[in-house]
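Trainee:
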Amino acid sequence: MDLVHISDLHYADGEPFQIALTDALFKDLEQQMKGGLSPEVLVFSGDLVNKPDDKDIYASFEDRFLKPLLSILELSPDQVIFCPGNHDLSFEAIKARGMLYDALQTSGKKPDYLAEQCRKGELTEYARAISAGFFELCSRYGGAWSNPFWHVYDFPASNLAFVALNSAFSCSLKGSADDRGKLVYPVDQALAAFQSVTRGRYVLSLAHHPLTDFTEATARALLPIVEKRTG
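In terms of the working numbering, the sequence shown opens at residue 218 and continues consecutively.
1) For Thr435, collect the residues of the same chain with a Cβ closer than 6 angstroms to its Cβ; drop the 5 residues on either side in sequence, then sort them by chain order.
2) Between Phe299 and Tyr358, is the Cβ-Cβ spacing less than 8 angstroms?
3) Quick one: what's Tyr370 bridged to in DSSP?
4) Do you know whose CA, among Ala378, Pro441 and Asn383, lies nearest Leu426's CA?
5) Where does the unbroken beta strand (DSSP E) through Phe261 begin, and where does it stop?
6) Is Leu290 near Pro269, with beta carbons less than 8 angstroms apart?
7) Starting from the Cα of Gln406, find the closest Cα among Met218, Gln248 and Pro328 and give me that residue.
8) Does the stretch 363-373 come within contact of the stretch 335-351, defined as at least 3 CB pairs closer than 8 angstroms?
9) From the DSSP secondary-structure annotation, give me the bridge partner or partners of Tyr419.
10) Assuming the contact rule is C-beta atoms closer than 8 angstroms, Gly325 and Gly263 should be a hit. Round their C-beta distance to whole Å, please.
11) Going by DSSP, what residues sit across from Tyr275 in a beta bridge?
12) Pick from Ala438, Glu247 and Phe351: whose alpha carbon is nearest that of Asp273?
13) Quick check on the burial criterion: 16 or more other C-beta atoms within 10 angstroms. Buried or exposed for Leu356?
14) Go through its chain and collect everything with a Cβ distance to Asp230's Cβ below 6 angstroms, but skip five positions before and after it.
15) Measuring only the C-alpha atoms, how far is Tyr330 from His227?
16) Any idea if Ile236 is buried or exposed, counting beta-carbon neighbours within 10 angstroms, 16 or more meaning buried?
17) So, at 8 angstroms on beta carbons, what are the nonlocal neighbours of Asp271 in its own chain, with the 5 sequence-adjacent residues on each side left out?
18) List the endpoints of the continuous beta strand (DSSP E) containing Ile223.
19) In the DSSP assignment, what are the bridge partners of Leu246?
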């Protein structure tokens with residue numbers, strides 16, 4: 218399967234650098250399409266936009282970047298794969314849920330805490346709310362994320378599935394540099410994601426952050442799950 222993969226676009230309206238980058242990317246892909254490129258999917262692995270709290274930023278990303286790009290690549294909306302990054306988190310939504318955020322930053326390193334909060338539904342609501350704009354966009358491309366921690370993009374014709382994990386929900390307000398080695402993920406959610414894949418599919422996984430950005434305990438628990446069920 219041929220694909221086009223974009224990460225860390227950090228889309229922003231009206232920025233000269235963004236305009237130049239977009240123009241250059243579109244021209245390059247137009248030339249590659251003429252040269253025989255024929256992608257089957259378009260993958261975004263996080264940080265679609267730079268500031269998700271900017272008014273209508275995801276609508277602008279969709280109209281001015283995504284739709285023209287799909288036209289160039291001759292792809293349909295159901296051939297798009299999304300995964301959220303830390304720049305797809307609304308700081309306003311996080312601050313409005315300060316108690317949950319503080320608890321996640323202090324107690325989230327304990328696996329039992331994550332599992333308990335997922336069972337209660339509080340962490341699930343939090344993860345969905347702080348990336349509401351991202352998830353709303355996803356509902357129109359490739360399928361809505363019914364679970365804010367993961368989504369499986371299934372391509373039966375190619376016997377292929379992409380497991381997208383939301384590695385960003387536990388990010389802090391301090392920024393990427395401070396988060397390295399501190400991110401957490403509910404391991405039971407990762408297991409559920411891979412178990413939901415149709416048997417026999419060739420599986421690829423994606424997340425915005427590498428395992429080295431997670432706590433040692435989280436990375437140690439996730440690694441065998443990912444290695445056993447991908448490739």
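Glycine is no exception: its CB is placed at the ideal position from the N, C-alpha and C atoms.
Mentor: The answer reads as follows:
1) Excluding positions up to five away in sequence, the list reads Val401 and Tyr402.
2) Their beta carbons are under 8 angstroms apart, which means Phe299 touches Tyr358 by this criterion.
3) Phe379
4) According to the sequence displayed, residue 426 carries His and not Leu. When only C-alpha atoms are compared, the closest one is Asn383.
5) Val258 to Phe261
6) no
7) Pro328
8) yes
9) Leu377
10) At roughly 20 angstroms, the Cβ-Cβ gap does not stay under 8 angstroms, so Gly325 and Gly263 are not in contact.
11) Answer by DSSP bridge pairing: none, since Tyr275 is not bridged.
12) Phe351
13) Sequence check: residue 356 is Ser here, not Leu. Within 10 angstroms of the beta-carbon of Ser356 lie fewer than 16 other beta-carbons, which makes it exposed.
14) Ser277
15) 32 angstroms
16) Classification of Ile236: exposed, given that the 10 Å Cβ count is below 16.
17) Closer than 8 angstroms at the Cβ level, and outside the excluded window around Asp271, lie Ala229 and Asp230.
18) Leu220 to Ile223
19) Answer by DSSP bridge pairing: none, since Leu246 is not bridged.
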